[in-house]
Every structure is written in C-alpha cells, then in structure tokens.
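Asks: Let me begin by handing over the structure; questions about it come next.
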Amino acid sequence: MFSPYFSSEDSSFKFILDILDGMHDWVRVIDRDNSVIFINRSMEEGLCVEDLSGKKCYELLGRDSPCENCITRKTVFEGQTHKKEEVFNNRIFSVMSSPIVADDGNIHYAVEVLRDVTKEKELENRLLNQNIKLQHDLDMARKLQMQLLPRNIQFPQLDFAYLYHPCAELSGDMINIFQIDREHIGVYIADVSGHGVSASMLTIFLISVLNKKSLSPSRALYRLFKQFNASGFDKNSYITVFYAVYNTKTHMLRYSNAGHNCIPIICGSHGIKKLFMPGTPVSNWMNNPRYYDESVRLIPGERLFLYTDGVADQWMEEPGKIINDTNIINIIKDNGIDLNIALNLVARYVYKQLDTIGAKQRDDITMALVQPLQNQESTAKK
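Residue numbers (my numbering): 1 to 382.
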C-alpha cells in the first residue's frame, strides 16, 4: 500500500515493491518527516490498514507521539543502519531501519523491516529458565558429591590424606576410606566414565552399592559388578576401582583391581613396590569377570600412593611410567613431609608440567596417601 502523497512510474521500482509485498516480515518506508509512504501487504493485513493518508510511523503502531528511541530518524539523518526491539500488541518485534540513498547521495527515506520474534523470545526465556534450574541442580549435586568425600578422618593406626581437584563442576573421580571393624580399614579410589551429571550418578552408585563390610576386595568388586549389570547402564558407562583392605595388626594390605590402570605405589626406605594387577572395569562388557585378591605388607614408614589418570595422562607420554618420575617419587616417599603438603607439592608439579606444554586441566586430578603409624595417635587429615 502506498500513501496517496507518493507515487512512482518507474517499473523497476514497482518490481522491488512487489518483492517487498511478497515478504512475510512487515516492511514500511518512512520519509524524513516520519510519514509512512509505503507498507507491504503483510503489514497492511496485520494492522488492518485501509488508508495511509498523513499517517506517522508511530501512529501506525497505535502511539500518540514518536518513540523515545526512534531509530528511523537516526537512520535518515546519520545514514547508518540501526536495530532495536519493539513491543506492539503483546508481540515482540525485531526492527531494522536502513537508509535509502538517492542518486544524488542524499537520504530522504528509510526502510524498516519488522520481524515478529515473539516465539523465539519465548523459547529463549524458557531455555534461560531451564539453564538456571539446571545450574541450580548442578550446584546441589556438586555439594552432595563434596559431602560424600571423606571428612574428619581419624584412625589411631593409620594416617590418611587426599587431594581432589575436579576439572568440571561434577567429577568422575571418587576416593573413600572407612573403618570396617576394629582391625580393618577399607580404602578405594575410583574413576568413572565421563564427567558431569552422568559421572556424578555413577559415583553415587559406587558409594551406595560397594560392600564396605567384606574383608575380601575381590568379592566386593564382583558384587559391585553384578549390581551394575542389573541396573541397566549402557555400554559407554563404566567404573574403574582399586579397592584395598588394611589389617592394622598384621600390617597386611589385601587388594583387588577392577580395571583401574593407575598402578598404586608403595614407597619406603626399602624401595618402591608397584601393586600391578589386571582387572575388568565395572561395566556390562561381559557376564562373569574374574577378580582376585593379592596381599602385600604396608608397614610404618612406608606410604601407599593412590591416584587417578588425571595425575599423569594429561602430560606424560607414557602415563604408566609415573613410577619413573623421580620428582613425584621423591615427594611422596619423604616421611619428613606432611601427607597433605606432599599431595599439594605433587599437584603443583603436575600443573607446572601442564603449563610447560601449554595444556589446561581436562581431567579430574585425585590422589591420596596412606601411611601406617608407629604409635596410636594420628592427626586428622581434611
């Protein structure tokens, strides 16, 4: 629709206006006096306009005065395209105003394109609200996961410390230590597949299901495997666990491994022992895996070092060779260094290696030290 005060006999101009008439978006042309000289068919039908005579741009939208942020005047007098959002009849429009430059270089008109973005804005708001709720749920899950870590640890026969640096809000690593009976203490370190919510759910499953009364780690892992298979997890989900039971009277450490590829190390004055043991991760990759127990002495003056792959895999060419890194070994075997301090020194060393190769932490870093005591007193760690 044209204003009766404007006309053009130019056929090419009419062709362009025919194109504008075919657009679903609302299109209008406005002169320097804010008078509307053209609206396309979509806008004409949307506003039920029958006559443009003397209509100002703001009147067409049901207003009595010009908009406070009139982008059309800016466009006409500055010669630049401007954008804004406008609410009309409870609908949200994205408005773009562009200058129409005449052959003499002057700007007498601006063309406005009004696109109804109400549905997009509603979807955006829904997604925003969902993200806020999801973030709240993640925060709650993270707090729950942190509460599941060992706290206020005090064993008269054993000293224990751990370090837990997740790379995401929800970690896939878990460390735990607990009293089984008067003579036995259980300890395990685990790494589950993935990160985020799914990994967090697997760690909660592990904590809930693992039998903390059994003195046989292999039996506890087999039962965990069977429970996992009965729970309907997919083939991409799995848990690796190194689980040990320590006898505080005999100083024997009985252990088993469910696919945890970070070989625990015992360091002491008599050298280094690797607790290498193959095993199948807790998964649904097979029906009846074989787990078995082995035993080793862990005496006062020695330290058991447990860790997950984030400690080595992120910077070592051969992560399994962590035992050959004298810097780490010298830190963890030094009985003159407090356990917590030792773990923080190892972490600092790992981050330094990451900086050296220009890498960022992309996996959870979890490690622990276990040390039998000479006497019956232990300082709580964490």
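We treat Cβ as the ideally placed atom computed from N, Cα and C, and that holds for glycine.
Taking all protein chains shown into account, do 16 or more other C-beta atoms lie within 10 angstroms of the C-beta of ARG362, making it buried, or fewer, making it exposed?
Replies: As a first step, residue 362 is located in the sequence shown; it is residue number 362 there, counting from the start. ARG362 is exposed by the Cβ-count criterion.
Asks: Excluding the 5 residues flanking LYS84 on each side, which residues of the same chain have their C-beta closer than 7 Å to its C-beta?
Replies: Against the sequence shown, residue 84 aligns to sequence position 84. Here the set comprises ASN69, ILE71, VAL95.
Asks: Kindly indicate which residue of LYS121, HIS195, GLU78 has the alpha-carbon position closest to the one of GLU86.
Replies: The residue given as residue 86 occupies position 86 in the sequence shown. The residue with the shortest Cα to Cα distance from GLU86 is LYS121.
Asks: How about PHE88 and LEU128: are their beta carbons less than 8 Å apart?
Replies: Counted from its first residue, the sequence shown places residue 88 at position 88. Counted from its first residue, the sequence shown places residue 128 at position 128. Going by C-beta atoms, PHE88 is not nearer than 8 Å to LEU128.
Asks: Below 8 Å, how does it come out for the region 264–278 and the region 227–234: are there three or more Cβ pairs, yes or no?
Replies: Because the criterion of three Cβ pairs below 8 Å is not met, the region 264–278 and the region 227–234 do not touch.
Asks: Just to confirm before moving on: does the CB-CB distance between PRO300 and GLN374 stay below 8 Å?
Replies: Position 300 of the sequence shown, counted from the start, is the residue given in the question as residue 300. Position 374 of the sequence shown, counted from the start, is the residue given in the question as residue 374. Yes.
Asks: With 16 other CB atoms within 10 Å as the buried threshold, where does LYS333 fall?
Replies: By one-based count along the sequence shown, residue 333 stands at place 333. Answer is buried; the Cβ neighbour count reaches 16.
Asks: Going along the chain, which residues of its own chain have a beta-carbon closer than 6 Å to the beta-carbon of ILE207, five neighbours each way excluded?
Replies: As a working note, residue 207 is residue 207 in the sequence shown. The answer, listed in chain order, is LEU148.
Asks: Among LEU253, PRO289, PHE155, LEU144, which one has its Cα closest to the Cα of LYS273?
Replies: Counting from one through the sequence shown, the residue named residue 273 turns up at place 273. It is LEU253.
Asks: Apart from the five residues on each side of it in sequence, which residues of its chain come closer than 6 Å, Cβ to Cβ, to ASN327?
Replies: The residue labelled residue 327 in the question sits at position 327 within the sequence shown. The residues are TYR349.
Asks: Considering SER295, what are the terminal residues of the beta strand (DSSP E) in which it resides?
Replies: As a working mapping, residue 295 is identified with position 295 in the sequence shown. Run containing SER295: 294–297, per the beta strand (DSSP E) assignment.
Asks: So, PRO150 versus ASN125, is the Cβ gap smaller than 8 Å?
Replies: Taking the first residue of the sequence shown as 1, we reach residue 150 at position 150. Taking the first residue of the sequence shown as 1, we reach residue 125 at position 125. Result no, Cβ atoms of PRO150 and ASN125 do not sit closer than 8 Å.
Asks: To the nearest angstrom, how far is it from the Cα of PHE160 to the Cα of ASN335?
Replies: The sequence position of residue 160 within the sequence shown is 160, counting from 1. The sequence position of residue 335 within the sequence shown is 335, counting from 1. One C-alpha to the other measures close to 13 Å.
Asks: Which residue's Cα is closest to the Cα of VAL197: LEU210, LEU134, ARG219?
Replies: Walking along the sequence shown from the start, residue 197 turns up at place 197. That would be LEU134, whose Cα lies nearest to the Cα of VAL197.
Asks: Keeping to the same chain, check which residues put their C-beta closer than 7 Å to that of GLU183; ignore five residues upstream and five downstream.
Replies: As a first step, residue 183 must be located in the sequence shown, where it is residue number 183. Cβ within range, chain order: ASN247, THR248, LYS249.
Asks: Using DSSP with H/G/I as helix, E/B as strand and the rest coil, what is ILE204?
Replies: As a first step, residue 204 is located in the sequence shown; it is residue number 204 there, counting from the start. Helix at ILE204.
Asks: For VAL111, which of ALA141, GLN80, ASN90 has the nearest alpha-carbon?
Replies: Here residue 111 refers to the residue found at position 111 when the sequence shown is read from its first residue. Out of ALA141, GLN80, ASN90, GLN80 has the C-alpha closest to the C-alpha of VAL111.
Asks: Relative to the C-alpha of PRO372, which candidate in HIS24, ILE185, LEU123, GLU59 has its C-alpha closest?
Replies: Taking the first residue of the sequence shown as 1, we reach residue 372 at position 372. Nearest option by C-alpha distance: ILE185.
Asks: Straight-line CA distance for MET140 to ASP325?
Replies: Stepping through the sequence shown from its first residue, residue 140 is reached at position 140. Stepping through the sequence shown from its first residue, residue 325 is reached at position 325. Their Cα atoms are separated by approximately 38 Å.
Asks: From what residue to what residue does the alpha helix (DSSP H) around PHE178 run?
Replies: Reading the sequence shown from its first residue, position 178 is the one you call residue 178. Note, PHE178: premise wrong, no alpha helix (DSSP H); beta strand (DSSP E) at 173–179.
Asks: Leaving out the 5 sequence neighbours to the left and right, which residues in its chain are closer than 7 Å to LEU298 when beta-carbon positions are compared?
Replies: Translated into the one-based positions of the sequence shown, residue 298 becomes position 298. So the qualifying residues of the chain are TYR246, HIS251, LEU253, ILE266, LEU304, PRO372.
Asks: Just to confirm, is the Cβ distance from THR308 to ILE189 under 8 Å?
Replies: Along the sequence shown, one-based indexing puts residue 308 at 308. Along the sequence shown, one-based indexing puts residue 189 at 189. Contact: yes.
Asks: Go ahead and label TRP413 buried or exposed: buried means 16 or more other beta carbons lie within 10 angstroms of its beta carbon, across all protein chains shown.
Replies: The first residue shown for the chain is 1 and the last is 382, placing residue 413 beyond what the model contains.
Asks: Do you know offhand how far THR366's Cα is from ASP181's?
Replies: For the purposes of this step, residue 366 is identified with residue 366 of the sequence shown, where counting begins at 1. For the purposes of this step, residue 181 is identified with residue 181 of the sequence shown, where counting begins at 1. Rounded to whole angstroms, THR366 to ASP181 spans 26 Å at the Cα level.
Asks: Per DSSP, which one or two residues make a beta bridge with ASN247?
Replies: Indexing the sequence shown from 1 puts residue 247 at position 247. Partner(s): HIS184.
Asks: If you draw a straight line from the alpha carbon of ASP31 to that of VAL76, how long is it in whole angstroms?
Replies: The count along the sequence shown starts at 1 and reaches residue 31 at position 31. The count along the sequence shown starts at 1 and reaches residue 76 at position 76. For ASP31 and VAL76, the distance between alpha carbons rounds to 8 Å.
Asks: Who are the near neighbours of GLY194 in its chain, counting only those whose CB is closer than 7 Å to its CB and skipping five residues on each side?
Replies: For the purposes of this step, residue 194 is taken as residue 194 along the sequence shown, with counting starting at 1. Contacts found: GLY172.
Asks: Should ASN40 go down as buried or exposed, given a rule of 16 or more other Cβ atoms within 10 Å for buried?
Replies: The residue you call residue 40 lines up with position 40 of the sequence shown. Per the 10 Å Cβ criterion, buried.
Asks: Could you check where the alpha helix (DSSP H) with ASP388 kicks off and where it finishes?
Replies: For the chain, the structure presents residues 1 to 382; residue 388 sits outside this window and is missing.
Asks: Does the Cβ-Cβ distance between HIS24 and SER42 come in under 8 Å?
Replies: If you number the sequence shown from 1, residue 24 lands on position 24. If you number the sequence shown from 1, residue 42 lands on position 42. Yes, these two residues count as a Cβ contact at 8 Å.
Asks: Tell me whether GLY62 counts as near the ligand ZN, meaning its Cβ is closer than 7 Å to at least one heavy atom of that ligand.
Replies: Within the structure as shown, the ligand ZN is missing, as the structure has no ligands at all.
Asks: If we ignore side chains and look at the alpha-carbon of each, how far apart do ILE337 and VAL370 end up?
Replies: In the sequence shown, the residue the question calls residue 337 occupies position 337. In the sequence shown, the residue the question calls residue 370 occupies position 370. Rounded to whole angstroms, ILE337 to VAL370 spans 13 Å at the Cα level.
Asks: Which one or two residues does DSSP pair with GLY259 in a beta bridge?
Replies: For the purposes of this step, residue 259 is taken as residue 259 along the sequence shown, with counting starting at 1. In the DSSP output, where bridge partners are listed per residue, GLY259 has VAL241.
Asks: Taking the straight line between their C-alpha atoms, what separation do you get for HIS210 and ASN257?
Replies: Here residue 210 refers to the residue found at position 210 of the sequence shown. Here residue 257 refers to the residue found at position 257 of the sequence shown. Note that residue 210 corresponds to Leu in the displayed sequence, not to His. Their backbone Cα atoms lie some 13 Å apart in a straight line.
Asks: Between LEU275 and PRO264, is the Cβ-Cβ spacing less than 8 Å?
Replies: Stepping through the sequence shown from its first residue, residue 275 is reached at position 275. Stepping through the sequence shown from its first residue, residue 264 is reached at position 264. Yes, Cβ-Cβ distance for LEU275 and PRO264 is below 8 Å.
Asks: Taking just the CA atoms, how far does ASN90 sit from GLU50?
Replies: In the sequence shown, the residue the question calls residue 50 occupies position 50. In the sequence shown, the residue the question calls residue 90 occupies position 90. Roughly 22 Å separates the two Cα atoms.
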